[in-house]
Every structure is written in structure tokens, then in C-alpha cells.
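Residue numbers (my numbering): 35 to 418.
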């Protein structure tokens with residue numbers, strides 16, 4: 035018997051494997067400990083930038099120095115949350131593998147119409163998104179390092195501070211690092227860590243977006259199968275095809291619950307933390323004209339838009355199953371089929387939703403709600 039292969043999200047999974055976020059090809063079902071060890075090594079190495087920013091935040095607050103509070107908060111929140119939900123993704127690896135294996139299995143229900151075309155399109159789009167994200171993250175890392183050095187030297191002269199200049203972010207460590215070559219080594223480690231974390235954050239948002247597009251492809255296929263069933267003139271063939279489509283529909287709806295189990299924590303952190311990150315970032319832009327803050331806000335805004343729009347589009351696709359079924363030519367169908375149609379139509383109005391755990395649904399309303407919360411943070415910071 036042939037070993038099951040994942041045929042969807044090919045390019046996205048290659049990128050995730052590069053960042054140790056997904057098991058190696060052909061080892062998805064039995065990835066062993068090496069996968070976790072590789073992630074742990076990279077995570078420990080990358081967390082240096084997070085630790086430095088967090089310690090600097092604590093040290094500054096204890097010294098009543100709030101000159102760089104917005105920058106410290108923005109980096110600590112964005113890096114810390116990325117570290118947390120990357121661990122959450124890793125914890126849900128087995129559930130994600132099972133979902134992708136189902137989305138790649140066409141034996142029982144057949145291959146969706148135009149699947150190869152759509153799969154190729156999203157694979158190509160994944161490459162474009164990666165290029166965009168790499169450009170954005172590299173800009174954040176390089177520009178932030180340059181601007182931080184200039185601003186740091188100016189603040190040291192103006193306020194008599196002893197900040198370590200020439201690093202990616204304002205940093206404090208319990209040991210001396212402000213000498214050659216330790217400062218240069220620390221800078222390289224910081225830039226690597228920031229790049230690693232922000233690439234993972236951006237790719238996680240795309241990962242959710244592309245996964246939901248494949249669910250949309252499957253829901254669209256269910257809709258097609260229902261329409262094909264209703265076109266049958268033979269009552270027995272109509273019943274067989276309708277039952278087949280109904281079983282497919284129920285399976286997808288059940289799989290949606292498992293998908294929320296895998297993505298729910300990530301969606302909750304996205305909902306809760308994106309607002310303060312964007313709010314603090316915009317405040318930093320307005321108060322200091324920080325280009326790196328603008329790029330960081332742009333990245334988190336894009337991630338929020340992708341997951342919210344993907345969640346809304348999937349809901350709309352689920353609603354379309356019931357709407358198209360109601361609008362179809364079903365007058366010639368047997369009475370028992372008509373009764374079952376009403377059940378399917380009713381069930382389609384409880385769509386697959388991308389949930390932020392138990393705290394909301396990622397859709398257009400959530401997108402606007404997070405932006406309104408971001409504005410509240412901006413208002414609060416400008417009045418303090």
C-alpha cells in the first residue's frame with residue numbers, strides 16, 4: 035500500500051521545514067524527537083533578542099526611564115507572542131498532519147474540480163508571499179539596527195545615559211557585552227533571532243490562510259456534488275449521490291472542529307496581541323517617525339487581514355452550499371430527498387468558523403474590532 039503523501043501547501047511546508055516548524059518530508063507521521071530538538075536549538079538561539087528587550091524593559095521601568103518604552107514594549111510583545119504560538123504550532127503538529135493528509139486524499143470523495151489549478155495557484159502565491167515577507171522582515175531588521183544606533187547615540191549624549199548602541203534593539207544583560215567583538219557577535223545573534231521570529235509569525239498567518247483556502251476548495255466540491263446529485267433523474271442514483279455528498283459535508287464540518295483545535299490558541303493570541311502591537315507601533319511612528327515600527331505594524335496588520343479574511347471567505351463558502359441547494363432544480367426529487375435537503379440547508383447555516391479559542395470568530399467584524407482596539411491604544415498612549 036502506497037504511503038500517504040501531502041500534496042497541498044507544498045511550498046509553504048517547505049518553508050516551514052526550513053524554519054523547523056514542520057516535520058521533514060515523508061516523516062510527517064513518525065517525525066521522532068529530532069524535529070523537536072532542531073526547533074529547541076533554533077528557539078534558544080533566537081530568544082536572545084527577546085530576552086535582551088525584555089530585560090531592558092524591566093531595567094528601564096525600575097530606573098524610571100521611559101524614553102524607549104514604546105520600542106521595548108513593541109519588540110517584547112511581538113517577539114514573545116511569536117515565540118509562544120510557534121511552540122503552540124509545534125504542539126499541534128500531529129493534528130495538522132492529519133488534516134493535510136485528509137485534504138490530500140481523493141480516493142473516497144474524488145478530486146475537487148480544478149484542484150490542480152487552484153493548488154498550483156496557491157503554491158505560486160506562497161512564493162510571492164515569502165518574497166514579500168522576506169523583504170519586509172529584512173527591512174525591519176536592517177533599518178531598525180541602523181536607526182537604533184543613531185537614536186541611541188543621540189539619547190546618550192542628551193540625557194547622559196549608558197545605553198549599548200549598535201544593536202538591533204535596546205538591550206540590557208546581566209553581564210558586560212559592550213566591547214569588541216562581543217557587541218558585534220551579540221548583534222548578529224539578535225538579527226538572526228529577530229529574522230527567525232518575524233518570518234515564523236508571517237508564515238504562520240499565511241499557513242492558516244492557505245489551509246482555509248483548501249477547505250474552501252473542498253466545500254466548493256461538496257456544493258458541486260450536491261448539484262450533481264439533484265440533476266439525476268433516477269431516484270436511486272439521486273439518493274446514492276446525495277448521501278455521498280452529505281457524508282462528505284458532515285466530515286468536513288467535523289474536521290473544522292479539529293482545525294480550530296489546532297489553530298484556536300494562535301488565533302486568540304493574534305486577536306489579543308495584534309491590537310496593542312499596532313497601537314504601540316503607530317504611536318512610535320507618530321512620536322518618533324520610526325520606519326521599522328511602520329514595517330512591523332504593516333506585517334502584523336497583513337497577518338490579521340489574512341486570517342480574518344480567510345475565516346470570512348470560508349463562512350461564505352459554507353453558506354453558499356445551503357443557498358445553492360435551495361435555488362437548485364429539486365422539484366423532481368423524491369420526498370425523502372427533499373426532507374434531507376432541508377437538514378443540509380439548515381446545517382449549512384452553522385458554518386466552519388475560524389475561532390479565537392472561545393473569545394470570538396476571525397472574520398470581518400473581528401478585523402474591524404481589532405483595528406478599533408488599536409486606535410484605543412493609540413489614544414491612551416498619546417494622552418499619557
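Where a beta carbon is used, it is the ideal one built from N, C-alpha and C, also for glycine.
Presumed contact (8 Å Cβ cut-off) between residue i and residue j, rounded CB distance
i: residue 38; j: residue 139; result: 7 Å
i: residue 80; j: residue 230; result: 4 Å
i: residue 365; j: residue 249; result: Not really, about 32 Å apart at Cβ, beyond 8 Å.
i: residue 379; j: residue 402; result: That belief does not hold up - the Cβ atoms of residue 379 and residue 402 are roughly 29 Å apart, past 8 Å.
i: residue 377; j: residue 260; result: Incorrect: roughly 12 Å between the Cβ atoms, too far for contact.
i: residue 224; j: residue 316; result: With 8 Å as the limit, residue 224 and residue 316 do not qualify as a contact, their Cβ atoms being about 24 Å apart.
i: residue 106; j: residue 204; result: 6 Å
i: residue 397; j: residue 352; result: Their Cβ separation, rounded to whole angstroms, is 12 Å, which puts residue 397 and residue 352 out of contact at 8 Å.
i: residue 263; j: residue 279; result: 6 Å
i: residue 389; j: residue 298; result: 6 Å
i: residue 40; j: residue 135; result: 6 Å
i: residue 422; j: residue 127; result: Only positions 35 to 418 of the chain appear in the structure, and residue 422 is not among them; the question remains open.
Rounded separation between residue i and residue j - CA only
i: residue 196; j: residue 62; result: 50 Å
i: residue 176; j: residue 221; result: 11 Å
i: residue 99; j: residue 185; result: 15 Å
i: residue 362; j: residue 255; result: 16 Å
i: residue 417; j: residue 410; result: 11 Å
i: residue 86; j: residue 236; result: 22 Å
i: residue 228; j: residue 292; result: 31 Å
i: residue 114; j: residue 84; result: 7 Å
i: residue 66; j: residue 200; result: 41 Å
i: residue 344; j: residue 246; result: 6 Å
i: residue 77; j: residue 213; result: 26 Å
i: residue 145; j: residue 133; result: 16 Å
i: residue 238; j: residue 370; result: 45 Å
i: residue 35; j: residue 141; result: Bear in mind that a pLDDT of 46 at residue 35, under 50, signals an unreliable position, so the number given afterwards is only what the model happens to contain. About 13 Å.
i: residue 244; j: residue 43; result: 7 Å
i: residue 89; j: residue 206; result: 6 Å
i: residue 290; j: residue 179; result: 42 Å
i: residue 310; j: residue 394; result: 18 Å
i: residue 193; j: residue 319; result: 22 Å
i: residue 189; j: residue 325; result: 18 Å
i: residue 357; j: residue 271; result: 23 Å
i: residue 211; j: residue 202; result: 14 Å
i: residue 208; j: residue 226; result: 21 Å
i: residue 73; j: residue 304; result: 22 Å
i: residue 329; j: residue 168; result: 12 Å
i: residue 373; j: residue 273; result: 12 Å
i: residue 286; j: residue 312; result: 35 Å
i: residue 233; j: residue 375; result: 45 Å
i: residue 164; j: residue 405; result: 25 Å
i: residue 251; j: residue 148; result: 9 Å
i: residue 143; j: residue 306; result: 38 Å
i: residue 382; j: residue 258; result: 14 Å
i: residue 49; j: residue 400; result: 28 Å
i: residue 45; j: residue 241; result: 10 Å
i: residue 95; j: residue 130; result: 41 Å
i: residue 120; j: residue 387; result: 22 Å
i: residue 408; j: residue 314; result: 8 Å
i: residue 340; j: residue 269; result: 43 Å
i: residue 327; j: residue 294; result: 31 Å
Residue i, DSSP secondary structure in three states
i: residue 211; result: coil
i: residue 379; result: helix
i: residue 395; result: strand
Residue i classed as buried or exposed, judged by whether at least 16 other C-beta atoms fall within 10 angstroms
i: residue 277; result: exposed
i: residue 288; result: exposed
i: residue 438; result: This structure leaves residue 438 out entirely; the chain is present only between 35 and 418.
i: residue 281; result: exposed
i: residue 321; result: exposed
i: residue 301; result: buried
i: residue 337; result: buried
i: residue 104; result: buried
i: residue 392; result: exposed
i: residue 414; result: exposed
i: residue 125; result: exposed
i: residue 155; result: exposed
i: residue 346; result: buried
i: residue 216; result: exposed
i: residue 109; result: buried
i: residue 54; result: buried
i: residue 59; result: exposed
i: residue 75; result: exposed
i: residue 123; result: buried
i: residue 384; result: exposed
Proximity test, residue i beta-carbon vs the ligand ZN heavy atom, cut-off 7 Å
i: residue 237; result: Annotation note on the ligand ZN: not contained in the displayed structure, which lists no ligands.
Cβ of residue i within 8 Å of any chain B Cβ
i: residue 276; result: Absent from the structure: chain B. Only one protein chain is present.
Contained alpha helix (DSSP H) runs [length at least 4] in the region 49-98, N- to C-terminal order
Here the runs fully enclosed are 68-96.
With a floor of 4 residues, list each alpha helix (DSSP H) that falls wholly inside the region 148-228, ordered by position along the chain.
Segments of the alpha helix (DSSP H) lying fully in the region 148-228: 149-193.
Which ranges would you report for the alpha helix (DSSP H) in the region 291-368 if only whole runs of at least 4 residues count?
Given a length threshold of 4 residues, each whole run of the alpha helix (DSSP H) inside the region 291-368 is given here in chain order: 325-361.
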